[in-house]
Amino acid sequence: MRAKRSRFRVGVILFAAATFAVVAGLCGRAYQLQTWRSELAQARKAVADGRLGAAREQLTRLAERWTNDGEVPFLLGECELARGRREEALAALAQIPSASPYFPRAADLRATHLLNSGRYAQAEEVLTQALAVAPEAERYPLERTMTRLYRFEGRFDEVRELLRASWGRGPEPAAVLKELWLLDYSSMPIEAWRAALGKAEADDDRVWLGQARHAILTGRFADARALLDRCLKRRPDDLPVWRARLDLALADDDLDGFREASARLAADRWSDADIHGLRAWIARRRRDPQAERLALQALLKDRPADAPALERLAALALESNAAPEAEDLHRLKARTDVAKDRFRKLILDDGLLFERAGELAELSRTLDRDFDARAWSLLAEARAVASTTAPVSFAASASPTDSIVRQARALSASTGSASSGGDTLAQRLDDVLRGSAANDSESIASKPSGGRGPVPMFVDDAERAGLRFVFDNGQTPEHLLPETMSGGVGLIDYDGDGWLDAYCVQGGSIREAPRSPADMLDRLFRNQGDGTFKDVSDETGVAALVGSKGYGLGVTVGDYDGDGRPDLFLSRLARYVLLRNKGDGGFEDVTDAAGLAGRRDNPTSAAFADLDNDGDLDLFVCHYMLWDPADPRTCKNEKGEFFYCDPSKVEPAPNRVFRNDGGRYTDVSTAAGFTDAGGRSLGVVAADVDDDGKLDLFVSNDGTANYLYMNQGDFRFEESALVSGVAGNAGGGYQAGMGVACGDLDGDGRPELMVTNFYGEGTTLYRNMGGGLFSDASSSSGLGVASRYLLGFGMAMLDVANRGRLDVMVVNGHVNDNRPFYLYAMPARLYENRSTGGPKLVDVSEQAGEPWAALRVGRGLAAGDLDNDGRVDALILSQNEPLAYFHNTTADPGRFVVVQLEGTRSNREGVGARVTIEAGGRRQTSQRMGGGSYQSACDPRLHFGLGAADRVTSIEVRWPTGKTDRWTDLAADSAYLLKEESAVAMPLKGWIEKPAKP
C-alpha cells in the first residue's frame, strides 16, 4: 500500500511538472508570438514610412523563426523589390508555400518580375502553378499577367481564351471585351515586341517561341522554322510550339509541315467552322476549286459573315465566269464590312462602351462573334438593371443581380471548343490530307517562278546629280493633320527636249503667310541630259508663282490645253494652282482663268484624264477634309500631348471633278455622280478597268470604303466599289488607304489595282477578274505579309530589270512618331514579280542596293527613266529629309522598248489609250493612265521590258476614240513616238542611242 501511495505521489508530481512545462511552454510560445507580432508590426510600419533597410533587417531576422503563414516572406519580397533587389525578392517570395493565402499574390509578383527580366519560361511555370490552386477571387490578376506573358510569346489564341475565361472576374469587363476585339483587329507593336525579345534571356525556349511567332507575322518563315526546331529539341511534345508550327505551315503554304503539326494536336481546339476553313485551305493547295467551294460554303453555314470566306468564294465564282454570283457575294461581304466599321468606331470610344453595349451585342452577332455578343448582352442587361452608365463589375459583391453574375460566370466557363472525340487534327482531316498527297510536288498558282533574271540594283544619286532638295512639313506644336500627309514629286519634260525634269512640292509654314526664302519654295530641276540637273525654279517663274500660294501638298502633270506642252496642277492647302507651260521656258498662273480659283479646303492627289472622250483632259481632285485655318481640328492623347488626328475625328470634304470646256474647267461633280462626301480621299488613278474604252476612277480613302467610279458614258459615273470587290480587303471592314497604282501584274491583259494602307493593314492587291470585278490577292501574292508592318504612301508598278513583268515599288513612313512601339521612318520596298498564273510578289529590297535600307518618313514617289538608258528610276520625297534619286544601275538587264503617245483626234497625251506589244512570242498590255502614286506624277511614257527579245513584232494602240493603229517590226532597246493615225513610229527625241546587243 505504501508503495502504491509513493508511486501515486510521483505520478502527481510528474503530471504537475509536465503540466507546468506545457503551460510554461504555451506561455513562452504566446510571449514569442507576441514578440514576433510586435516585430512584424514594426516592420510593416517601417515599410509604410519608407525605411526599407530597417524593415528588411527585421523581416530577415523574423523569417528565420516565423513566416506567419507566408506573410513575412511576402513582405520581405515586397521590401526587396522596393529597394531594387530583384533576385533577393524572388528568393523570398519563392519560400511561400502553395497553401498560403499569400501564394497567389506572391506568384503574381514573381511572374511579373521574371517576365520583366526576360525569363519567360520561369514566369510561365510560376503562373501555371498559381492558377492551379488560386481561389476564384484571386485568379484575375494572375490571368492578366499570364495574358501579358502569352503576348510576348506570341500565343495569341491562348490570349483569346484567357480573355474569354476571365472577362467577368475583373473590375472592368467592358475593357476586357474591347481588348478581345483589338486582339483580332488592331496592329501589333512589332518593333517594341522585337526589342523586348532581343533583351530577354537568350537561352529561354519561350523567348525562342516569341521570336518564332514574330518571324511568322513578319514573313521570315525560314527563321521561324529554325527557331521552332530549336524549341522542339528542348520540349519535343510542347503543344504551344506545335501550334506555332501549324500556323507557320499555313502562312508558308507548306502542306508537309501542316501534316506533321496537325498529327500532334488535338482537334477539340478547332470548331467545326475552323475545320471547314482548313479543308478549304488544303483544297486550294490541291488546286481543287470544287472541294474548296464546298468547304467554304459549309464554313458559311456556321459563320455567315466570315469576310475572307465570302471574298474567296467570290473569287472562285469569278474564275468560273459566274459574275452575278460574285456580285451577290460581294454584297454580302459589304454588310460585314459595314458592321465591322461601325463596331470599330464604337469600340474605340471608351465613353460609349456601356451606353452602346446593346448595339455592340447586335453588331457582334452580325459579325459571328458569339461570345462577344452574349457578353455585351449581359453588360447591357446589367446596365439596365443598375440604371447607370458607370462601369459594371461582375466580380463585385454589389453586382446588379445574382442571375446576371451567374450567367457571366457560366459564359466564361463555356469558352472551350466542342469535343471531337479525342481525334487529332490530322485525323479529322484525314480524307483531304490523303487525297492531297499526289499533288504535294505542285503549289498553288501563285507560287514563285524560276528564272529570275538580273538582280535589280539601285544607288541614291540625288546629291551627285544636283537634285538637292529637302521637304519641310512645317510641323506645328498642335500637329495639324495636313502636315503629316504633305509632300509630292512630279516628272515633267517641261522644255520638250526628251529628258524628264523634276518638280518638287514644298510645304513650309502651314499658316497661310507668304514665303520668300528660296529653300521654302517649290523647286523645278531641269534634266541636262548628262546625268545632272539644274535648279531652274527662278528662271521659269515657278518660284515666284507659287511663293504666295500657301502650303504645298501634291503635283499632277498634264497638257490641259492640248498645245503639246505639259502643264502643272498643284494641290495646296485651301487652294488649287494651275501653271500653264508657255513654251518659252516659263510658266504662268492660269488658276483663275481656268475656273479653278476659290477656297478648296484640303485637296490631295489629282488626275488629268479625258473622262468624256472629247479630246481634252478633264480633272479629278481628291479632297481629304474640311479645313478652317482659323479653327483647325486638333487631337490630344491621355497625357494632354498633341498628335495627328485619326481620320474619323475630322469632317470629310467631297471630291471634285471638272469638265474641260475649251481650256476652262466646269465643276460637274454632282451631275457626274460624285455625290458621296464621306471619303477622305488620298489617292486616285484613272484607268479603263473593264475594257469598255472609257476611263474609270479608282480612289483610295482613309478609314472608309474605297471608291471605284465606273464610267457610264456622257460624263456619268456609278460608284461600284462594294459590288466590284475593291471597297475593302478580304479581312473585312475598311482600311486607311493612301497611294494607288494600276497595271497588269499577271499578264492577262487586265489591269490590277493596288492601294497602300495603314500600319498593320498591309498593301492591298486587287486582281482584275474581268468585267469590272476584282478579288483580293494580297495574301496569295505574298504582299499582305511582306507589307503588313509598314505604312505605305507613294507606289508605282515598273519593270525594274526589263524581264517583261511589272514589279512594285512602295515608299513608307508613319504618320505619328510613336517610337519605340512602331517605326516612324521606314524603308522603301521593292517587290519583284515572280508570277506564274497569278500575282506573286517577293521583297528583294535587301539585295537591291543601299537606298532600300535607309529609313525615311516617305510620302511622294515618281517612277521614270530619268537618264534614258532603258532602266526605270525613281524619285522619293520624304518629310524633312533630302530628296532621294533611286538610280537604276541593274547590270545586264533585259531589252526594252519605250513608247510615247500623241493623240490627234484623241487627247494630245493619249490618256486612256491601250497599248499592246508582241515580242519574243509574248504579249504585254499597258494603258496611258492618269494620276497614280500619292500626290505625285510618274513618267508619262510607257516602258516595256522585253527580256531577251531583240525585235518588237508589233505595237497596237487602241486610242480613246476607239480607233486602233498598228506598227510592226521595230527594234528593241529603242524609244518611239507613236502618233494617232500615223503609219510611222518616230524615234523619240532625247533618247540615248545605244549599240545593239550581241
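So in our numbering the end of the sequence shown lands on 1007, straight run, no missing numbers.
For glycine and all other residues, C-beta sits at the position ideal for the given N, C-alpha and C.
(1) Give the DSSP-derived three-state secondary structure of residue 852 in the structure shown.
(2) Quick one: Cα of residue 447 to Cα of residue 294, how far?
(3) For residue 573 and residue 937, I'd like the C-alpha separation in whole angstroms.
(4) Using only alpha-carbon positions, find the residue among 137, 630 and 963 that is nearest to residue 939.
(5) Kindly give me the distance between the Cβ atoms of residue 743 and residue 714, rounded to whole angstroms, as I take these residues to be in contact under 8 Å.
(6) Alpha carbon to alpha carbon, how far is residue 635 from residue 371?
(7) Comparing alpha-carbon positions, which option in 269, 296 and 259 lies nearest residue 283?
(8) Evaluate contact between the segment 642-651 and the segment 662-681, counting only Cβ atoms and requiring at least three cross-stretch pairs below 8 Å.
(9) What separation, rounded to the nearest whole angstrom, lies between the Cα atoms of residue 826 and residue 723?
(10) Check whether the Cβ atoms of residue 994 and residue 966 lie closer than 8 Å to each other.
(11) Which residue from 649, 685, 306 and 886 puts its Cα closest to that of residue 663?
(12) What's the C-alpha gap between residue 620 and residue 953?
(13) Buried or exposed: which applies to residue 853, given that a residue is buried once 16 or more other Cβ atoms fall within 10 Å of its Cβ?
(14) How long is the line joining the alpha carbons of residue 867 and residue 808, rounded to whole angstroms?
(15) Return the chain-ordered list of same chain residues with a C-beta closer than 7 Å to the C-beta of residue 290, the five sequence neighbours on each side being excluded.
(16) Can you tell me the Cα-Cα spacing of residue 459 and residue 843, whole angstroms?
(17) Between residue 101 and the rest of its own chain, which residues show a CB-CB distance below 7 Å, the 5 nearest in sequence each way excluded?
(18) Using the three-state DSSP reduction, which class does residue 159 fall into: helix, strand or coil?
(19) With DSSP collapsed to three states, give me the class of residue 338.
(20) Could you tell me which residues DSSP pairs with residue 275 in its beta bridges?
(21) Buried or exposed: where does residue 580 fall if 16 or more other Cβ atoms within 10 Å of its Cβ makes it buried?
(22) Tell me whether residue 722 sits in a helix, a strand or coil according to DSSP, three-state version.
(23) Using three-state DSSP, classify residue 451 as helix, strand or coil.
(24) Per DSSP, which residues does residue 581 bridge with? Please list them.
(25) Determine the contact status of residue 545 and residue 535, defining contact as a CB-CB distance below 8 Å.
(26) Between 472, 375 and 498, which lies nearest to residue 1008 when the distance is taken from Cα to Cα?
(27) Using the C-alpha atoms, what's the distance from residue 787 back to residue 217?
(28) Give the straight-line distance between the Cα atoms of residue 491 and residue 561, rounded to the nearest whole angstrom.
(29) Where do the N-terminal and C-terminal ends of the alpha helix (DSSP H) with residue 281 fall, by residue?
(30) For residue 952, which three-state DSSP category applies?
(31) Where DSSP assigns a beta bridge to residue 668, which residues make up the other side?
(32) Considering Cα atoms alone, identify which of 872, 612 and 586 is closest to residue 1008.
(33) According to the neighbour-count rule (16 or more other Cβ atoms, all chains shown, within 10 Å of its Cβ), is residue 142 buried or exposed?
(34) Shortest alpha-carbon distance to residue 483 belongs to which of 125, 137, 888 and 191?
(35) Could you tell me the boundaries of the beta strand (DSSP E) in which residue 775 lies?
(36) Comparing alpha-carbon positions, which option in 960, 131, 920 and 930 lies nearest residue 949?
In brief:
(1) Strand at residue 852.
(2) Because the pLDDT of residue 447 is 48, which lies under 50, any placement of that residue in the model is unreliable, and the question is left without a value.
(3) Each residue's Cα considered, the two are about 16 Å apart.
(4) Out of 137, 630 and 963, 630 has the C-alpha closest to the C-alpha of residue 939.
(5) Yes, they are in contact, since the Cβ atoms of residue 743 and residue 714 sit about 5 Å apart, within 8 Å.
(6) So the two alpha carbons sit approximately 33 Å from each other.
(7) Distances from the CA of residue 283 to each of 269, 296 and 259 were compared; the closest alpha carbon is that of 259.
(8) Judged by pairs of C-beta atoms under 8 Å, the segment 642-651 does not touch the segment 662-681, as fewer than three such pairs exist.
(9) Straight-line Cα distance between these residues: approximately 46 Å.
(10) In this structure, residue 966 does not lie closer than 8 Å to residue 994 by Cβ.
(11) The candidate whose alpha carbon is nearest that of residue 663 is 685.
(12) Inter-residue distance for residue 620 and residue 953 is about 26 Å (C-alpha atoms, whole angstroms).
(13) Around the beta carbon of residue 853, 16 or more other beta carbons lie within 10 angstroms, which makes this residue buried.
(14) One C-alpha to the other measures close to 21 Å.
(15) A distance below 7 Å between beta-carbons, with the five flanking residues on each side excluded, links residue 290 to the following residues of its chain, in chain order: 259.
(16) Any reading at residue 459 is ruled out, since the residue's pLDDT is 43, under 50, leaving its predicted position unreliable.
(17) These residues qualify, in order along the chain: 82, 85, 86 and 89.
(18) Note: residue 159 maps to helix in three-state DSSP.
(19) It is helical.
(20) Answer is 433, bridged to residue 275.
(21) Residue 580 should be labelled buried.
(22) Residue state, collapsed to three classes: strand.
(23) Because the pLDDT at residue 451 is just 44, under 50, the model does not fix this residue reliably, and the point stays unresolved.
(24) Paired residues: 561 and 584.
(25) Note that the C-beta distance between residue 545 and residue 535 is below 8 Å.
(26) The question about residue 1008 has no answer, for the chain in this structure spans 10 to 1007.
(27) If you take the alpha carbons of residue 217 and residue 787, they lie about 29 Å apart.
(28) When rounded, the distance between both Cα atoms is 10 Å.
(29) If you look at residue 281, you'll find it in the alpha helix (DSSP H) that goes 281-294.
(30) Note: residue 952 maps to strand in three-state DSSP.
(31) Residue 668 is bridged to 675.
(32) Within the shown structure, residues of the chain are numbered from 10 to 1007, placing residue 1008 beyond reach of any answer.
(33) The C-beta of residue 142 has fewer than 16 other C-beta atoms within 10 Å across all chains shown, which makes the residue exposed.
(34) Looking at the Cα atoms, 888 is the closest of the given residues.
(35) Unbroken beta strand (DSSP E) run through residue 775: 773-779.
(36) Per the Cα distances, 920.
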